[in-house]
Structures are given as C-alpha cells and as structure tokens.
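Student: The numbers in the numbering used here rise by one with no breaks, and the one at position 88 of the sequence shown is 111.
Following this message is one structure expressed as structure tokens.
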Amino acid sequence: MTVTASATPGASLLSPTDHTLVLIDFQSQMAFATKSIGAELLRNNAALVGRAGKSFGVPTILTTVAEKSFSGPMFDELKEAFPGQAVLDRTSMNTWEDASVIDEVNRIGKTRIVFAGLWTSVCIVGPVSSAIDQGFDVYFIADACGDISTEAHERAVQRMIQLGARPMTSLQYLLELQRDWARAETYDSTTGIAKKWGGAYGLGVIYAKTMFGASEGGH
24 MTVTASATPG ASLLSPTDHT LVLIDFQSQM AFATKSIGAE LLRNNAALVG RAGKSFGVPT
84 ILTTVAEKSF SGPMFDELKE AFPGQAVLDR TSMNTWEDAS VIDEVNRIGK TRIVFAGLWT
144 SVCIVGPVSS AIDQGFDVYF IADACGDIST EAHERAVQRM IQLGARPMTS LQYLLELQRD
204 WARAETYDST TGIAKKWGGA YGLGVIYAKT MFGASEGGH
C-alpha cells in the first residue's frame with residue numbers, strides 16, 4: 024500500500040467556519056466553588072477563548088444558568104468580547120435541554136460544536152453527551168472548564184473522551200484557528216490575543232518583537 028502526503032490539514036482540525044462555540048455558565052457563583060483551576064487562570068482562559076472566537080468570526084452562543092436568582096452575571100471578559108450579544112439564561116443544568124439554546128444551535132447550523140464552561144462534570148458533560156448522542160462532532164476546551172475539585176474535573180474529562188469528545192486547550196484553540204502565519208488578515212489579532220492572554224508564550228512574543236523585531240512568517 025502506497026501512502027502519499029499532501030500539504031492539506033487533517034479533517035479533525037478546527038477552522039473558523041466549521042463549528043459553533045458554546046460558552047456555558049462563566050458566572051460568579053459557579054466560579055466561587057471551582058477548585059480545579061485558579062479563578063485568575065480560569066478568567067484568563069475564558070477571555071482567550073472568547074477573543075479567539077470573536078476575532079475569527081466563529082458563531083458563538085453565550086449562556087448562563089439562573090443569572091438573576093442565583094449564579095450572577097457572566098464574566099465581564101466575555102461580555103466585553105461580544106458587546107451587545109444576548110446571553111441566553113436557562114433553568115436547566117444541561118444546556119442541551121434548553122429550547123432557546125437549541126434553536127440557536129439549529130439556526131447556526133454547524134454540525135461541529137466546541138464547548139467550554141463551568142462546571143465540567145455537570146454543565147459541560149450534559150451538553151457534550153447530548154450533542155454526541157444526536158450526531159454532532161464535539162470538542163471541549165479542558166483548561167477553560169473547571170469543577171469543585173480536581174477529581175471531579177478529571178473524571179468528567181475522562182468521561183467525555185470515552186464518549187468520543189475531543190479535548191483541547193485555550194491557546195491550542197486560538198492557534199488552530201490561525202494555523203498559518205501567512206494569514207495576514209488575522210495575524211495581528213492572533214498575536215495581540217496571545218500577548219495579552221497567552222501566558223509565557225505571549226511574553227515570548229512581546230520579547231521577540233521588542234528586542235529583535237521578530238515575527239512569524241515574515242510579518
């Protein structure tokens with residue numbers, strides 16, 4: 024059998040136009056009890072994911088649970104990334120059981136969905152499982168999710184992988200959408216997001232540009 028390589032991306036890699044991003048319950052009360060990831064890193068990663076989605080024009084659903092009666096508002100980092108966008112508030116812990124969210128999923132019409140939010144074992148496992156059962160291709164951003172303990176988060180991640188969901192990280196999400204530094208139209212936005220929310224990698228970008236005028240892809 025002869026196998027021939029071609030300069031084309033793998034079918035499982037995400038592109039800005041092939042998926043819906045669903046950001047779930049990034050809210051004060053949910054974050055207070057989250058112990059698997061520090062609140063400052065959680066907020067940073069949520070901002071990174073939100074800004075990546077916005078920069079690349081990914082259709083994005085923002086949803087909360089019991090915002091006014093219990094869980095509080097969505098993180099400012101996400102509201103600022105999507106100014107003026109409606110946040111769909113639910114009573115159901117499983118986002119996939121909320122009719123307004125499902126109406127939006129169907130309106131957008133993508134069969135590939137990327138999830139992130141709080142808590143991993145409840146509000147992420149629920150829609151991930153439900154979407155997979157209905158034939159969707161599902162990803163989740165593991166370091167933009169959190170739970171009441173490391174054990175709870177890790178068992179939820181294992182369960183979702185066993186169901187067929189694909190795990191990824193926040194910075195991976197941003198860079199997978201860019202994927203080629205020759206894409207000049209999103210180069211400045213991607214490096215700008217990385218510099219502000221990309222941790223040590225972002226510091227490296229700042230350092231290289233400041234000290235040496237360096238750039239990826241000759242930009």
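Each residue gets a CB set at the ideal place from its N, CA and C atoms; glycine is no exception.
According to DSSP, simplified to helix, strand and coil, what is Q50?
Tutor: If DSSP states are grouped into helix, strand and coil, Q50 belongs with the strands.
Student: With a cut-off of 8 Å on the beta carbons, I'd call Q50 and M97 a contact; round off their distance for me.
Tutor: Their Cβ separation, rounded to whole angstroms, is 6 Å, which keeps Q50 and M97 in contact under 8 Å.
Student: Reducing DSSP to helix, strand and coil, say where F55 ends up.
Tutor: In the structure shown, F55 sits in a helix (DSSP, three-state: H, G or I).
Student: With a CB to CB cut of under 6 Å and the five nearest residues on each side skipped, what residues in its chain are close to A179?
Tutor: Here the set comprises T143, S144 and V148.
Student: Classify M234: buried if its beta carbon has 16 or more other beta carbons within 10 angstroms, exposed otherwise.
Tutor: Looking at its Cβ environment, which holds fewer than 16 other Cβ atoms inside 10 Å, M234 is exposed.
Student: Hey, could you find the ends of the beta strand (DSSP E) G132 is sitting in?
Tutor: Careful: G132 lies outside any beta strand (DSSP E) and carries neither H nor E.
Student: Tell me whether the region 86–93 and the region 112–126 touch, counting them as touching only if at least three CB pairs, one residue from each stretch, are closer than 8 Å.
Tutor: With a cut-off of 8 Å, the region 112–126 and the region 86–93 count as touching, because enough Cβ pairs lie within range.
Student: If you compare alpha carbons, which of T134, M53, L198 and A175 is closest to G76?
Tutor: It is L198 whose Cα lies nearest to the Cα of G76.
Student: Please report the straight-line C-alpha distance between W220 and L71, rounded to a whole angstrom.
Tutor: Between W220 and L71, the C-alpha separation is close to 6 Å.
Student: Pick out whichever of S92, S94, E120 and P82 has its Cα sitting closest to the Cα of K133.
Tutor: Selected option, being the one with the closest Cα: P82.
Student: Run through the region 85–120 for me and flag every whole beta strand (DSSP E) of 3 or more residues, listed as ranges in chain order.
Tutor: Correct list: 111–113.
Student: How long is the line joining the alpha carbons of A109 and A122, rounded to whole angstroms?
Tutor: Their backbone Cα atoms lie some 15 Å apart in a straight line.
Student: In three-state terms, what does DSSP make of L36?
Tutor: The answer is coil: DSSP assigns L36 none of H, G, I, E or B.
Student: If distances are taken between C-alpha atoms only, which option among Y230, G80 and D48 comes closest to F93?
Tutor: Closest option to F93, Cα to Cα, is D48.
Student: Tell me which residues share the same chain as L101 and place their Cβ nearer than 8 Å to its Cβ, disregarding the 5 neighbours each side in the sequence.
Tutor: Closer than 8 Å at the Cβ level, and outside the excluded window around L101, lie L46, F49, A69, A70, G73 and L85.
Student: Looking at the strands, I want to know which residues DSSP matches up with D160.
Tutor: Note: D160 sits in a beta bridge opposite R135.
Student: How should R66 be labelled, buried or exposed, when 16 other C-beta atoms within 10 angstroms of its C-beta is the threshold for buried?
Tutor: Answer is buried; the Cβ neighbour count reaches 16.
Student: Can you give the Cα-Cα distance for K58 and S29, rounded to whole angstroms?
Tutor: So the alpha carbons of these two residues sit roughly 44 Å apart.
Student: Could you pull the start and end residues of the beta strand (DSSP E) that R189 belongs to?
Tutor: Taken as a continuous stretch (DSSP letters only), the beta strand (DSSP E) holding R189 covers R189 to M191.
Student: In three-state terms, what does DSSP make of T43?
Tutor: Strand at T43.
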